[in-house]
Amino acid sequence: MRLSRPARGLLAAITAVVLALIYLPLLVVFVNSFSTSQNLTWPPPGFTLEWWAKAFQSEGALDAVLTSLQVALASTAIALVLGTLISIGLQRFEFFGRDAISLLVILPIALPGIVTGIALNNAFRTGLGVQLSILTLIIAHATFCIVTVFNNVIARLRRLGTSLEDASSDLGAGIWTTFRLVTFPQLRSALFAGGLLAFALSFDEIIVTTFTAGSGVKTLPLWILDNLFRPNQAPVVNVIAVVLVLVSILPIYFAQRIAGAEKIVR
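Okay, so the sequence shown: first residue is -8 according to the numbering used here, each after it adds one.
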């Protein structure tokens, strides 16, 4: 499809405006993390590395980073296992209700976070009688992390077909051997990309976390929310926010690089 020159100019202008609305606020946060002002005045009266030093010396912030890493890694591991098994079961086997199950697997990522959070909170505390803790938080994050892994793996399985797996079975290989030597090597990049996206999704999640974390559990987004309006904490919060943005960008960047490299190879 060819666009006229005015149409291309209009499209470019709209794109520039949208990108500016998204990234200029992030740029302001980045610049303010070096500001000498404690009140986030703009433009900054000067620049300093004091807040970066204080941020990396803050026990509360460091503990929150560690908690976020633990939750993100654990929920990603669960999502990789369950998302892979579900995608193989739905793609490779036909049974009654397969489409309904596929919809139910994808639904958590489409629901508003506050609905998911309230539902899980009621399920843990009222339905199961379980006290909220880091374990309930990991389970809650895994519910939506599974979707990213599932989408990546099932898309790859649809492109691969079953010819190589059928050939492996015809040669006498069992289900586990076929998966280990044939299926898994072809899924590794999809699993890696899905795992990176799941990690990024879990690391900066706040709405579901608010409803499913125990009173003593403080992830990095919760720490930022608690300290945002405290006196003299705003510059440190800006530093942590910049770190959070970087941690969220890197997995998505590498996932896109993997997908791009595969398109070139194919």
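Note that beta-carbon positions come from the ideal geometry of N, C-alpha and C, so glycine has one too.
- The beta-bridge partner set that DSSP reports for F38 consists of S26.
- Here A4 carries a helix assignment [DSSP, helix/strand/coil].
- For the 8 Å CB-CB criterion, A131 and V199 form a contact.
- Sequence-distant partners of V22 (beyond 5 residues in either direction) whose C-beta falls short of 7 Å from its own C-beta, in its chain, are P35.
- The beta carbons of Q29 and A225 sit closer together than 8 Å.
- In the structure shown, I197 falls within a coil segment according to DSSP collapsed to helix, strand and coil.
- S78 and T39 have their C-alpha atoms some 50 Å from each other.
- For the pair L213 and L172, the Cα-to-Cα distance works out to about 43 Å.
- By the C-beta criterion, the stretch 158 to 177 is judged not to be in contact with the stretch 10 to 26, since fewer than 3 inter-stretch pairs fall below 8 Å.
- Counting only runs of 4 or more residues that sit fully inside the stretch 48 to 97, the alpha helix (DSSP H) segments are 50 to 83, in chain order.
- Only residues of its own chain outside the window of five on either side were considered, and among them I125, L128, I129, H132, S193, T210 have a CB closer than 7 Å to the CB of V62, listed in chain order.
- For G104, the enclosing alpha helix (DSSP H) covers residues 104 to 113.
- Shown here for I145: same chain residues with a beta carbon closer than 7 Å to its own, the five before and five after excluded, namely S78, L81, Q82 in chain order.
- Relative to the Cα of I105, the nearest Cα in the group I166, T201, Y14, N142 belongs to T201.
- Separation of the CB atoms of C136 and T67 is rounded to 6 Å, and the pair is thereby assigned contact status at 8 Å.
- For A158, the enclosing alpha helix (DSSP H) begins and ends at 154 to 161.
- Within the same chain, Cβ atoms closer than 6 Å to the Cβ of G37 are found at T27, the five residues on either side in sequence being excluded.
- Residue burial annotation: G88 is exposed, with fewer than 16 other C-beta atoms found within 10 angstroms of its C-beta.
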